[in-house]
Amino acid sequence: MFLSSTRRAPRRPLLGLLTAGALTAGLLGAAGAPAAFAAPASTTKAPSTCPADGVFPDITTGPGNLVLDTGVAVYVGGNYVAHPAAAESEGLLVVAGDATFSSGQFNVGTVGGGSGVTPAGGAAMLVVGKDLTLESGPVQVGFGTDPGGAVVVGGKIVGKNHLETNGTGDASVSAEVTEGVGSAKALAPYAALGSSLGSISQDLARTPVNGRTQIEGNAVSFVGDGTRSTQVFSVSAAQLNSIREVRYSGLAAGTPVVINVSGDGVDFSPNYQALNARRVDDVATSASIGTFAGRVLWNFSEATSVTLGTADQFVGSVLVPSASSTVEIKTSTNGRLYVGGDLSFAGAAGPAGLEHHSYPWIGSGAFGCTLTVPPTTGTDGGGQEPSDPTDEPGSTDEPSVEPGEPGEGSLVPTPTATTPAPLDETTPVADPVTPAPGAANPVQDEDVPGAAATEDGGLAATGAQTAVIVLIAVALLAGGTWLVLLARRRAAASR
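Its first residue numbered 403, the sequence shown is counted upward by one per residue in the numbering used here.
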């Protein structure tokens with residue numbers, strides 16, 4: 403059952419009960435009024451940002467929307483096809499070209515079993531720049547949310563009878579479906595992301611390697627240096643194509659991981675992925691797939707042909723920036739999927755039921771829970787989507803951010819320590835000292851007593867400030883009472 407509740411704004415201190423109106427006005431003028439509390443923006447119970455420690459929920463079959471995600475979970479710069487073996491795509495799915503669903507029942511936005519990192523009910527969950535074709539269905543968008551997931555299509559919708567956006571099952575309450583608005587308007591909110599994929603990928607590819615890659619037989623080991631800086635590894639497509647086992651070790655707790663894959667012609671099908679000899683890719687036995695999936699990014703910066711998996715669980719985000727690329731996913735994925743070209747989901751995967759689970763990458767704000775992308779060099783930052791999705795995203799001559807450059811939207815966190823940091827134990831845990839690079843700080847819940855709130859840049863109204871105001875009010879009230887009694891005694895004595 404999907405739960406939805408509306409939180410009440412906190413009540414302000416009632417200083418008027420302690421003193422008269424004039425006295426209250428004078429105190430507030432001298433001490434400063436408590437800052438106003440903003441009403442909650444969402445009716446969901448999900449946190450309003452990515453967890454600062456980067457610890458995401460593991461895959462569950464319970465209610466969705468455990469973490470509110472306003473970022474893009476899957477971005478496709480070309481065309482997208484969901485074949486019969488595909489079942490679910492969690493989070494916001496954005497397709498710049500045409501989108502085709504021929505998989506029968508398919509869930510978009512929220513899913514039956516996933517991370518719970520999803521948009522809020524009523525928000526856009528499926529956006530298509532050109533035409534949306536539903537060959538079979540139902541294609542359910544925002545299932546279990548109220549009122550469901552919104553759909554925005556630049557062109558036309560074919561097979562609209564297969565589309566369902568009534569998340570609660572009540573046909574009279576459905577999220578909005580918009581079509582025929584044109585590609586530029588439909589994709590406008592995501593244009594900066596689409597045009598930045600190339601520069602983001604190149605920035606990551608140029609980042610100095612600080613971890614060791616060891617290959618033995620069909621196994622590759624990525625060994626970190628134990629520091630809290632982002633761990634960067636390098637491997638070639640030719641090497642990766644013979645790999646079936648992926649092992650990680652030597653990683654400080656909460657540290658992001660970048661694996662830069664050079665070359666083209668990728669056909670990578672790992673069936674065992676482990677951190678410190680403990681599997682992270684088996685949803686039946688792993689207790690850490692959520693946390694670790696949010697840490698890993700596979701960057702295929704030079705590839706135009708990428709095939710991943712064979713009905714397993716692929717751990718980590720995937721970035722294939724080339725607009726001429728063709729990416730075929732034959733496995734369930736856990737992370738972000740950002741493809742500059744065409745994406746084929748479950749084309750010839752064998753067993754049905756393949757899913758994409760939404761896990762933002764903690765190493766970059768551009769891939770996080772909030773859609774925040776730095777302007778690409780040569781654009782005004784306003785984000786106008788190319789008129790033709792075959793234009794290569796990020797085809798600018800220079801990167802938008804230099805490798806390791808600090809600041810908002812920095813793609814690779816600047817190293818914060820050169821000394822060894824606590825290493826991951828058998829179960830990855832959050833770094834207790836330094837929040838995961840690129841992760842947003844948690845927003846205080848207005849319902850928590852004593853939580854800070856600000857207005858117009860003013861100081862937060864805390865319990866201590868209120869206590870000071872109350873003490874002053876009581877003191878002044880007592881003093882006033884004493885003066886009144888003294889005046890009465892003098893008047894009686896003079897009679």
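Positions of the beta carbon are idealized from the N, C-alpha and C atoms, including for glycine.
With burial defined as no fewer than 16 other Cβ atoms inside 10 Å of the residue's Cβ, what is the status of residue i: buried or exposed?
i	result
residue 571	exposed
residue 753	exposed
residue 790	Low local confidence applies: a pLDDT of 44 at residue 790 is under 50, so the model's placement there is unreliable, with the coordinate-based value given in what follows. Looking at its Cβ environment, which holds fewer than 16 other Cβ atoms inside 10 Å, residue 790 is exposed.
residue 573	exposed
residue 611	exposed
residue 640	exposed
residue 387	The question about residue 387 has no answer, for the chain in this structure spans 403 to 897.
residue 560	exposed
residue 760	buried
residue 582	exposed
residue 476	buried
residue 588	buried
residue 618	exposed
residue 686	exposed
residue 720	buried
residue 575	exposed
residue 809	The predicted position of residue 809 is uncertain, since its pLDDT is 30 and thus under 50; no value can be drawn from it.
Going by DSSP in three states, residue i sits in which element: helix, strand or coil?
i	result
residue 559	strand
residue 598	helix
residue 641	helix
residue 619	coil
residue 551	coil
residue 817	Reliability of the predicted coordinates at residue 817 is poor, the pLDDT of 42 falling under 50, and no value is obtained from them.
residue 664	strand
residue 761	coil
residue 605	helix
residue 590	helix
residue 539	coil
residue 454	coil
residue 774	coil
residue 768	helix
residue 695	helix
residue 585	helix
residue 489	strand
residue 675	strand
residue 503	strand
residue 754	coil
residue 630	coil
residue 508	strand
residue 470	strand
residue 498	coil
residue 852	In this predicted model, residue 852 has a pLDDT of only 30, less than 50, meaning its place in the structure is not dependable enough to derive any value.
residue 529	strand
residue 899	What is shown of the chain runs 403 to 897, which leaves residue 899 out entirely.
Checking the sheet assignment: what are the DSSP bridge partners for residue i?
i	result
residue 654	825
residue 670	710
residue 564	Paired residue(s): none; residue 564 is not in a bridge.
residue 624	615, 650
residue 635	661
residue 516	462
residue 481	In the DSSP output, where bridge partners are listed per residue, residue 481 has none listed.
residue 580	554
residue 922	In the structure as shown, the chain begins at 403 and stops at 897. Residue 922 is therefore absent and cannot be evaluated.
residue 715	734
residue 746	483, 730
residue 701	662, 721
Less than 6 Å between C-beta atoms, sequence neighbours within five positions excluded: which residues of the same chain meet that for residue i?
i	result
residue 487	748, 751, 754, 756
residue 500	481, 532, 533
residue 541	503, 508, 564, 565
residue 867	In this prediction, residue 867 scores a pLDDT of 39, lower than 50, which makes its location untrustworthy; the coordinate-derived value is nonetheless stated afterwards. For residue 867, where only same-chain residues beyond five positions count, there are no Cβ hits under 6 Å.
residue 746	483, 730
residue 635	613, 615, 624, 661
Cutting at 7 Å between CB atoms, please list the residues of its own chain near residue i, excluding the five before and the five after it.
i	result
residue 432	Caution applies to residue 432, whose pLDDT of 33 falls short of 50 and renders its modelled position unreliable; the value that the coordinates give is listed next. So the list is empty, once near-sequence residues are dropped.
residue 474	494, 496, 592, 595, 773
residue 544	511, 512, 523, 527, 550, 551, 567, 569, 577
residue 518	459, 462, 466, 467, 468, 469
residue 673	646, 714
I think residue i touches residue j, with their Cβ atoms under 8 Å apart; what is that distance to the nearest whole Å?
i	j	result
residue 653	residue 633	6 Å
residue 471	residue 547	Actually they are not in contact, since the Cβ atoms of residue 471 and residue 547 sit about 12 Å apart, beyond 8 Å.
residue 645	residue 678	Not really, about 19 Å apart at Cβ, beyond 8 Å.
residue 657	residue 626	7 Å
residue 675	residue 648	5 Å
residue 718	residue 737	5 Å
residue 538	residue 514	That belief does not hold up - the Cβ atoms of residue 538 and residue 514 are roughly 18 Å apart, past 8 Å.
residue 703	residue 603	4 Å
Among residues of its own chain, excluding the 5 on either side of residue i, which ones have a beta-carbon nearer than 8 Å to its beta-carbon?
i	result
residue 705	639, 663, 665, 666, 667, 668, 722, 724, 727
residue 733	671, 710, 711, 712, 713, 714, 715, 716, 751, 756
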